[in-house]
Amino acid sequence: MTISLQRALEHMAWANQEIYKLIAELPDEALDAYATDPEFPVREILRHIASSSGSYASRLEETAPVVLEQPKNMAELRELSKILAVNDARLLKLVDLEDKTISITRDGETTHWLRSTIITQAVHHSIEHRAHAVSALEARGYKKVDLDVFDVWGFELSLR
2 MTISLQRALE HMAWANQEIY KLIAELPDEA LDAYATDPEF PVREILRHIA
52 SSSGSYASRL EETAPVVLEQ PKNMAELREL SKILAVNDAR LLKLVDLEDK
102 TISITRDGET THWLRSTIIT QAVHHSIEHR AHAVSALEAR GYKKVDLDVF
152 DVWGFELSLR
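Each residue of the sequence shown is one higher than the last, beginning at 2 in the working numbering.
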């Protein structure tokens with residue numbers, strides 16, 4: 002078996018769903034929690050994760066990205082989680098593309114990136130912001146999510 006980014010993407014998709022599910026069990030007010038910046042509460046962090054997952058896939062598919070709305074409550078967060086699952090599945094389908102440099106135009110500026118760089122960034126971006134969301138929740142007294150449960154080891158154990 003060749004080592005690839007597929008396992009990292011599978012872990013990302015699994016951890017995203019598991020963590021969104023746990024956060025959705027909290028009261029709606031938890032979406033307003035923030036760590037240090039009230040302009041970046043949990044509702045925005047979770048929207049950003051889901052929207053960015055789709056944007057990374059869109060870059061690789063060469064389609065226009067869709068910017069998602071912040072969830073107003075936990076019911077909307079559960080719907081956002083479904084969109085995130087679709088976006089993560091899109092990335093998984095793209096993991097076997099030929100790794101070549103592609104042009105990306107964002108905010109009027111064109112840059113060039115390897116496809117593997119974009120996929121790797123998608124994985125790291127998700128991890129960074131899941132930790133950010135959980136830290137924001139913990140800063141406001143919500144201790145529902147233990148990130149250590151959702152590491153790669155936990156993912157592999159969940160498959161057994």
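C-beta atoms are modelled at their ideal positions from N, C-alpha and C, and glycine is treated no differently.
Ignore the nearest five residues each way along the sequence and tell me which others in residue i's own chain have a CB closer than 8 Å to its CB.
| i | result |
| --- | --- |
| A90 | A14 |
| Y143 | L27, A31 and A34 |
| T3 | none |
| V135 | I20, V146 and L148 |
Could you give the distance in angstroms between the alpha-carbon of residue i and the alpha-carbon of residue j?
| i | j | result |
| --- | --- | --- |
| K94 | I20 | 22 Å |
| H126 | F156 | 18 Å |
| L98 | F41 | 34 Å |
| Q71 | R44 | 6 Å |
| D149 | R131 | 12 Å |
| A189 | N17 | The displayed coordinates of the chain run from 2 to 161. Any statement about residue 189 would go beyond what the structure contains. |
| I103 | P39 | 36 Å |
| W114 | T37 | 32 Å |
| L160 | K73 | 33 Å |
| K83 | V96 | 20 Å |
If I measure Cβ to Cβ from residue i and keep anything under 6 Å in the same chain, skipping five residues before and after, which residues do I get?
| i | result |
| --- | --- |
| T112 | I105 |
| L69 | R48, A51 and S52 |
| R79 | A25 |
Three-state secondary structure (DSSP) at residue i?
| i | result |
| --- | --- |
| I105 | strand |
| L23 | helix |
| T112 | strand |
| T118 | helix |
| Y35 | coil |
| D29 | helix |
| N57 | It is worth fixing the name first, because residue 57 is Tyr in this sequence and not Asn. Y57 falls in the helix class under three-state DSSP. |
Between the Cα of residue i and those of the options, spot the shortest distance and give me the residue it belongs to.
| i | options | result |
| --- | --- | --- |
| K101 | E40, L85, R8 and I120 | I120 |
| R107 | V96, Y35, E63 and S159 | E63 |
| L1 | I24, P39 and Q122 | The shown model of the chain, from 2 to 161, leaves out residue 1, and the question about it has no answer. |
| L23 | M75, A36, R141 and D38 | M75 |
| L92 | I128, E77 and V124 | V124 |
Using C-beta distances below 7 Å, list every residue in its chain close to residue i, excluding the 5 sequence neighbours before and after it, in chain order.
| i | result |
| --- | --- |
| A65 | S59 |
| N88 | A51, S54, G55 and A58 |
| R141 | A34 |
| H12 | V153 and F156 |
| D29 | N74 and M75 |
| F151 | A16, E19 and I20 |
For residue i, decide whether its Cβ has a neighbour in chain C, counting only Cβ atoms nearer than 8 Å.
| i | result |
| --- | --- |
| I103 | Here there is only one protein chain, and chain C is not present. |
_Any contact between the stretch 41-51 and the stretch 3-12? By contact I mean 3 or more CB pairs, one from each, below 8 Å._
no
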